[in-house]
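2 protein chains.
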Amino acid sequence: MNTKQIVLASRPKGIPQIKNFRTELIELPEIKTDEVLLKPIYFSVDPYLRSRMNDTKPDIQAFHIDQPMEGSALATVIESESDIFKPGDIVLGVLPWREYTVASDKGLQKVDATQQPLSYFLGVLGLTGITAYIGLMNICKPLAGETLVVSGAAGAVGIVAGQIARLQGCRVVGITGSDEKLRLLVGKYGFDEAINYKTTTYVNKAIATICHDGVDVYFDNVGGQISDAVISNLNIHSRVVICGQIALYNNTEIPMGPRIQQTLLAKNVMMQGFNVGNYKSEFPEAILHLTQWIKEGKLDFQETIYEGFDQLPAAFIGLFTGVNIGKMIVKV
Amino acid sequence: MNTKQIVLASRPKGIPQIKNFRTELIELPEIKTDEVLLKPIYFSVDPYLRSRMNDTKPDIQAFHIDQPMEGSALATVIESESDIFKPGDIVLGVLPWREYTVASDKGLQKVDATQQPLSYFLGVLGLTGITAYIGLMNICKPLAGETLVVSGAAGAVGIVAGQIARLQGCRVVGITGSDEKLRLLVGKYGFDEAINYKTTTYVNKAIATICHDGVDVYFDNVGGQISDAVISNLNIHSRVVICGQIALYNNTEIPMGPRIQQTLLAKNVMMQGFNVGNYKSEFPEAILHLTQWIKEGKLDFQETIYEGFDQLPAAFIGLFTGVNIGKMIVKV
Numbered sequence: 023m024n025t026k027q028i029v030l031a032s033r034p035k036g037i038p039q040i041k042n043f044r045t046e047l048i049e050l051p052e053i054k055t056d057e058v059l060l061k062p063i064y065f066s067v068d069p070y071l072r073s074r075m076n077d078t079k080p081d082i083q084a085f086h087i088d089q090p091m092e093g094s095a096l097a098t099v100i101e102s103e104s105d106i107f108k109p110g111d112i113v114l115g116v117l118p119w120r121e122y123t124v125a126s127d128k129g130l131q132k133v134d135a136t137q138q139p140l141s142y143f144l145g146v147l148g149l150t151g152i153t154a155y156i157g158l159m160n161i162c163k164p165l166a167g168e169t170l171v172v173s174g175a176a177g178a179v180g181i182v183a184g185q186i187a188r189l190q191g192c193r194v195v196g197i198t199g200s201d202e203k204l205r206l207l208v209g210k211y212g213f214d215e216a217i218n219y220k221t222t223t224y225v226n227k228a229i230a231t232i233c234h235d236g237v238d239v240y241f242d243n244v245g246g247q248i249s250d251a252v253i254s255n256l257n258i259h260s261r262v263v264i265c266g267q268i269a270l271y272n273n274t275e276i277p278m279g280p281r282i283q284q285t286l287l288a289k290n291v292m293m294q295g296f297n298v299g300n301y302k303s304e305f306p307e308a309i310l311h312l313t314q315w316i317k318e319g320k321l322d323f324q325e326t327i328y329e330g331f332d333q334l335p336a337a338f339i340g341l342f343t344g345v346n347i348g349k350m351i352v353k354v
Numbered sequence: 023m024n025t026k027q028i029v030l031a032s033r034p035k036g037i038p039q040i041k042n043f044r045t046e047l048i049e050l051p052e053i054k055t056d057e058v059l060l061k062p063i064y065f066s067v068d069p070y071l072r073s074r075m076n077d078t079k080p081d082i083q084a085f086h087i088d089q090p091m092e093g094s095a096l097a098t099v100i101e102s103e104s105d106i107f108k109p110g111d112i113v114l115g116v117l118p119w120r121e122y123t124v125a126s127d128k129g130l131q132k133v134d135a136t137q138q139p140l141s142y143f144l145g146v147l148g149l150t151g152i153t154a155y156i157g158l159m160n161i162c163k164p165l166a167g168e169t170l171v172v173s174g175a176a177g178a179v180g181i182v183a184g185q186i187a188r189l190q191g192c193r194v195v196g197i198t199g200s201d202e203k204l205r206l207l208v209g210k211y212g213f214d215e216a217i218n219y220k221t222t223t224y225v226n227k228a229i230a231t232i233c234h235d236g237v238d239v240y241f242d243n244v245g246g247q248i249s250d251a252v253i254s255n256l257n258i259h260s261r262v263v264i265c266g267q268i269a270l271y272n273n274t275e276i277p278m279g280p281r282i283q284q285t286l287l288a289k290n291v292m293m294q295g296f297n298v299g300n301y302k303s304e305f306p307e308a309i310l311h312l313t314q315w316i317k318e319g320k321l322d323f324q325e326t327i328y329e330g331f332d333q334l335p336a337a338f339i340g341l342f343t344g345v346n347i348g349k350m351i352v353k354v
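Chains as they are written, first to last, in this note's numbering: chain V, 23 to 354; chain W, 23 to 354.
Here it is as structure tokens:
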């Protein structure tokens, strides 16, 4: 059978553009033993995929030109030559950007969608929520009464990290890029304060004013000048988790900035670069708590859903212009 | 009685100069109850004192203009109105740069100089050795077979940190500023390799060649471009302890450099700013191990000793031009 797929047509310079992608029709192979034919329902698009569009970093698995992009997805099993899955099952896996695909049954995971919205398995109950939980609880170890700042606060990870910090008794300040997001963080998600960095001339002074006792924990999703502003307000013994650097992913040269090591030294700061994939043994505990909090109504979540397979490139590009609130998902 | 003292005459811009200090004669007060009259034997001069010569950093206890500099010192008790110390005792404490001084008996510590050279209590058995031990063992937690790079390798802390890492079974590479120091590190102190950064055009490439399996632990005493070169060679799950930033202490503006957070993120690096004063509960264990290793001949140490009280400013300034090997001490 034939399927549409979206491939990487050329490597982007700076923010990816529609022209860096190409849609084409291909013929799928027959499914073999231990394989399934899948019809994706939802695709997750995530900032970290941007790094994989370059071929400069040997430590990141780069996408190949003329080969399909890929990402976390939920899919329905249409046909099965697998002992594990039967037609009708819903599975989670990393899949190519195709309307249909043939996949090995290894690396797929059946999900039970009777308790929560199905898409939550790509968000608050997926790598997004797990990232927020482990980055905060296992790395930053926040204490009640401490002040936490989260950048990219209205993004998928930020919105969860901020709420979990509130559940730990922290004072939570979000940095975000629009007044709409700011109102949502404070009004709906219980953040104590939020700063719209786009309308704030001196973000470092705004943080100093709002965080009058300094910053104890910084959950960093964005990097760049926003991080400079937060780092200048860090307390002694503060902790910084570097979860993302979305402000820098599109740079074509190594970005320059103020050297931070003297601040880390003077304040005895711990800074940890954080790839959730290196913490798999902690996943079950994270999922346990996230599920419980959702069930108890203590943890809320938000999605921005684009409709239609063809919207995958636009949804992905939108991550870098800040169009999404919460998790960006494409419904095929 | 009268004594000479050396005061901060003016705040330095850049590297301190002799003119920033002034020697003067003052009259000491009579000693009161719980006080002692001390005659310093050795003064330690340390890079971190440079930060205290500025008045810009609220988190560092700044020296006052026209007031004496101070530092760790070993001194003989001359007269005593204290129940704790008697004349002839040798004590360790933080003392003003004076030939004689009157001090409270609080904060002084009696030392037993029968086992090791007295000056070792300012070096390998003092904060220097303790800093190397805790920075390495408690923060970097090196494993046998890992590759460790130490900058400022022939400095007081570096020379100890490198040897302790060797005792843990690490491959140890030192970065230093002269061929004489390089030969000493490899020939006398058992470093596996050393790099003279002053005669090496591309330090990052030299590290990449020597550390063919990458860098697992970076013990940073210097900061700046040398650190940039090491950081570009860090492995996944590597650890960086920021113990000093001597290359930057004399900057008059916040130094700029390549942003490091993306590297920390991509490599899941832990970076810890480290002030040994925040780890006092770990001191006894550090001293225990250091003493044992010295006794067993496994840990060697080196001092650069300037003779004469008047040499204090020159010795201190020499730290920033790299004249010292190992611990810089002034014998009064």
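In this text, a Cβ means the ideal position worked out from N, Cα and C, and glycines have one as well.
Under the three-state reduction of DSSP output, Tyr211/W falls in the coil class, being neither helix nor strand. Within the segment 140-208 of chain V, the runs of alpha helix (DSSP H) that reach at least 4 residues and sit entirely inside it are, in chain order, 149-156, 178-189.
Rounded to whole angstroms, Glu329/V and Glu103/V show a C-alpha spacing of 30 Å. Ser32/W carries a coil assignment under DSSP once its states are collapsed to helix, strand and coil.
If you compare the alpha carbons of Phe143/W, Pro109/W, Pro51/W with that of Thr25/W, the shortest gap goes to Pro51/W. Fully contained in the segment 302-329 of chain W are the following alpha helix (DSSP H) runs of length 4 or more, in chain order: 305-317.
Measuring C-alpha to C-alpha distances from Asn76/W to each of Lys108/W, Asn273/W, Ile53/W, Leu96/W identifies Asn273/W as the nearest.
C-alpha of Gly36/W to C-alpha of Thr221/V: approximately 37 Å in a straight line. In the structure shown, the three-state DSSP call for Tyr219/W is helix. For the segment 287-306 of chain V, the beta-carbon criterion of a distance under 8 Å to any beta-carbon of chain W is satisfied by Leu287, Ala288, Lys289, Asn290, Val291, Met292, Met293, Gln294, Gly295, Phe296, Asn297, Asn300. Put simply, the segment 88-108 of chain W touches the segment 38-56 of chain W. At least three CB pairs are less than 8 Å apart.
Annotation: Gly236/W has no Cβ neighbours in chain V at a cutoff of 9 Å; minimum Cβ distance is about 10 Å. Judged by DSSP in its simplified three-state form, Gln284/W adopts helix. Within the segment 157-180 of chain W, no residue places its CB atom closer than 8 Å to a CB of chain V. Think of a sphere of 9 Å around the beta carbon of Met278/V: the chain W residues whose beta carbon falls inside it are Met278, Gly279, Pro280, Arg281, in chain order. At a cut-off of 8 Å between beta-carbon atoms, Ile264/W makes contact with chain V.
Less than 8 Å divides the Cβ of Trp119/V from the Cβ of Phe65/V.
Residues of the same chain with a CB within less than 6 Å of the CB of Gly151/W, apart from the 5 flanking positions on each side, are Val182, Leu312 in chain order. In the DSSP annotation of this structure, the continuous segment of the beta strand (DSSP E) that includes Ala95/W starts and ends at 92-102. By the 16-neighbour rule on beta-carbons within 10 angstroms, Val116/V is exposed. Listed in chain order, the positions of the segment 213-245 of chain W with a beta carbon within less than 8 Å of a beta carbon of chain V are Asp242, Gly245. Exposure of Arg205/W is indicated by the presence of fewer than 16 other C-beta atoms within 10 angstroms of its C-beta.
Not flagged as an interface residue toward chain V: Leu71/W, since no C-beta distance is shorter than 8 Å. Its Cα nearest to that of Ile264/W, the residue Gly180/W stands out among Val99/W, Gly180/W, Leu341/W, Val67/W. Residue environment: Ala166/V is assigned as exposed (fewer than 16 neighbouring CB atoms within 10 Å of its CB, all protein chains considered). Classified as exposed, Met278/V has fewer than 16 neighbouring CB atoms from the shown chains inside 10 Å of its CB. When 9 Å is used as the limit between beta carbons, Leu270/V is near these residues of chain W: Arg281, Gln283, Gln284, in chain order. Listed in chain order, the positions of the segment 307-331 of chain W with a beta carbon within less than 9 Å of a beta carbon of chain V would be empty, since no residue qualifies.
Within 7 Å of the CB of Gln267/W, the CB atoms of chain V belong to Gln283, Gln284, Leu287, in sequence order along the chain.
Distance between Lys41/W and Lys320/W, taken at the CA atoms: about 42 Å. Taking C-beta atoms as the reference points, Val195/W and Ala176/W fail to come closer than 8 Å. Secondary structure of Ile339/V (DSSP, three-state): helix. Contact between the segment 188-203 of chain W and the segment 155-173 of chain W is present: 3 or more CB-CB pairs across the two stretches fall below 8 Å. Looking at the DSSP output, Glu46/W sits in a beta bridge with Gln27/W. Taking CB atoms only, Ser249/V has a neighbour in chain W less than 8 Å away. Straight through space, the alpha carbons of Tyr122/W and Met292/W are spaced by roughly 45 Å.
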